[in-house]
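Reading through the structure tokens given below for one structure.
This is the structure in structure tokens:
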């Protein structure tokens, strides 16, 4: 999927919502737990109910891997279902991979070929040759970790060099030599809304994937005010607050209700800040 | 597995070799390619032939994931085979994981429970709460990326702060508040042998996992001279130079020959530098 298509979908759906499928067998409704393919069945019902309100889904790979090969079967089924039924959805593997070149090449093959994801989150710690193998695919994106939403993001990401440039700023700057806005996005957490202004000074045009609203406590309004650009430039994720909104046989309906609430708030912001609506 | 057991095995085998099972269907001998479970069969024969010379095996998860769920079946079979037949082997998942707390917890569950690995490589970029979930398991280790063996390690890992402290040094220092030498090791690449002295100033006692000899060009002698400590303190990995030493039906025998050569060199260094031999 390319950038033009993503922006088009934002206009059509009046939404820049990404729904995180962090699907955990412990947390799905009891009536689904004992059926075969419980995780896939849960995902399918969530997707069918919520896709009108979202432009992207993000699958958190840890939640599938922890079930071993059976989890990978659920992952593959979910990706196939999304691609077959909702081809306009932007599909993100939240995998935070990154390794030496020959290994990153295998991870790229995993998520862009074996599984047909449109994007993968990538950890920048190992530098250029750990990131560029993901960039050799047409119409695929990396989403590089810049400023994450968790408390530990303060440990290293904000360290300043001799010139006062912080580590996440180094990453934003240097990675622009590796890719461009047509194949690179960045993770910037909603838990630091004031930092979006700093980020936008360096990368005014790139899309940002924004985790941290909902269960993690980030504020959507503040994030948008500081982070939006002329193409919207934001994909804001919510996982637990949507998919676990209810635990009965009405879980999908309730998830849709929560997704719609966020979509309506997003529509308001798009009208307020983006002249393309 | 605990530290005492690892040191014991180093003494018994006179080796601190780790063999990397970066097993790629493209590179295994033609006579194995078309059988069921080709990857597992290759691993099994390599393990049976080389385990006398190695104290650890490292499975590079990317090489399994790229085959989808079938690759995870090969991964699970290999781990089960190693644990059942060679319980003294230290078993490393080279996975470079790291995410927000609730997700790292799932990755820890994946590699320490679903799969019975003894250790996992972890990326430090997201800080404390992305690392500590891996530390709640008894007799399991994290191996935190400090100074990696690839060219891109120069991009961010060597950035100096206002006081001249480099990023990898921050990681070595800060992570000592999270764990200790009984549950934490560090990745330091053999391609920067002069840096081991710097590393040892901060962590004299911890074990280091050292990639980068063999195909990546690092020098074992220089690495040992600068990095060894009283418990050896080094686990040196070689992958491609051992497992792909030959491409005929003698591949396992040839792999054993290459592993033995490295073990003998290691025996020499242990006698030279470690008084426990």
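Chains as they are written, first to last, in the working numbering: chain A, 49 to 325; chain B, 49 to 325. By construction, the Cβ of each residue, glycine as well, lies at the ideal position given by its N, Cα and C atoms.
Scanning its chain for C-beta atoms nearer than 7 Å, with the 5 sequence neighbours on each side dropped, one finds around residue 270/B the residues 241, in chain order. Looking at the DSSP output, residue 106/A sits in a beta bridge with 68/A, 140/A. In the three-state DSSP reduction, residue 76/A falls in the coil class, being neither helix nor strand. Exclusion of the five residues before and after residue 262/B leaves 286, 287, 288, 289, 290 as the residues of its chain whose Cβ lies within less than 8 Å of its Cβ. Nearest to residue 53/A by C-alpha distance, out of 322/A, 279/A, 305/A, is 279/A. Ranked by how close their Cα comes to the Cα of residue 50/B, the residues 301/B, 275/B, 255/B, 308/B have 255/B in first place. Out of 153/B, 147/B, 63/B, 195/B, the CA that lies nearest to the CA of residue 138/B is found in 63/B. In terms of beta-carbon proximity, residue 66/A stays away from the interface with chain B, with every pair separated by 7 Å or more.
At least one C-beta of chain B is nearer than 7 Å to the C-beta of residue 114/A. Burial is judged here by how many other beta carbons sit within 10 angstroms of a residue's own beta carbon; residue 312/A has fewer than 16 and is exposed.
For residue 296/A, the secondary structure class from DSSP, reduced to helix, strand or coil, is coil. Among the CB atoms of chain B, none fall inside 7 Å of the CB of residue 226/A. With a beta-carbon spacing of about 7 Å, residue 237/B and residue 266/B fall inside the 8 Å limit used to define contacts.
The criterion of a C-beta distance shorter than 7 Å is satisfied by residue 146/A and residue 171/A. Bridge partners of residue 208/B according to DSSP: 214/B. Leaving aside the five residues that flank residue 97/A on each side, the residues in its chain whose CB is nearer than 7 Å to its CB run, in chain order, 300, 301, 303, 304. Of the candidates 93/A, 155/A, 244/A, 67/A, the residue whose Cα lies closest to the Cα of residue 178/A is 155/A. Under the DSSP definition of a beta bridge, residue 277/B partners with 280/B.
Sequence-distant partners of residue 252/B (beyond 5 residues in either direction) whose C-beta falls short of 7 Å from its own C-beta, in its chain, are 277. Residues of the same chain with a CB within less than 6 Å of the CB of residue 131/A, apart from the 5 flanking positions on each side, are 164 in chain order.
Rounded to whole angstroms, the separation of the alpha carbons of residue 202/A and residue 169/B is 21 Å. Per DSSP, the unbroken beta strand (DSSP E) holding residue 232/B starts and ends at 232-236.
For residue 285/A, the secondary structure class from DSSP, reduced to helix, strand or coil, is strand. In the three-state scheme derived from DSSP, where H, G and I count as helix and E and B as strand, residue 169/B is classed as strand. Annotated three-state conformation of residue 148/B is coil, per DSSP. Here the C-alpha atom of residue 94/A lies approximately 11 Å from the C-alpha atom of residue 102/A.
Around residue 121/B, the beta-carbon contacts reaching into chain A at under 8 Å are 117. Of all alpha-carbon atoms in 55/A, 65/A, 59/A, 60/A, the one lying nearest the alpha-carbon of residue 308/A is that of 65/A.
A Cβ-Cβ distance of about 18 Å is found for the pair residue 76/A and residue 106/A, leaving them out of contact under the 8 Å criterion.
Taking the beta carbon of residue 198/B as reference, the chain A residues within 8 Å of it are 148, 149, 174, 175, 177, 178, listed in sequence order.
Relative to residue 214/A, the option among 246/A, 104/A, 224/A, 57/A whose CA is nearest is 246/A. The beta-carbon of residue 210/A is placed less than 7 Å from the nearest beta-carbon of chain B.
Each residue's CA atom was taken as its position, placing residue 233/B and residue 183/B some 12 Å apart. Non-local beta-carbon contacts of residue 91/B in its own chain, meaning distances under 7 Å to residues more than five positions away in sequence, involve 69, 71, 126 in chain order.
Residue 175/A places its beta carbon 7 Å or farther from that of residue 216/B. Measuring C-alpha to C-alpha distances from residue 86/B to each of 59/B, 123/B, 104/B, 108/B identifies 123/B as the nearest.
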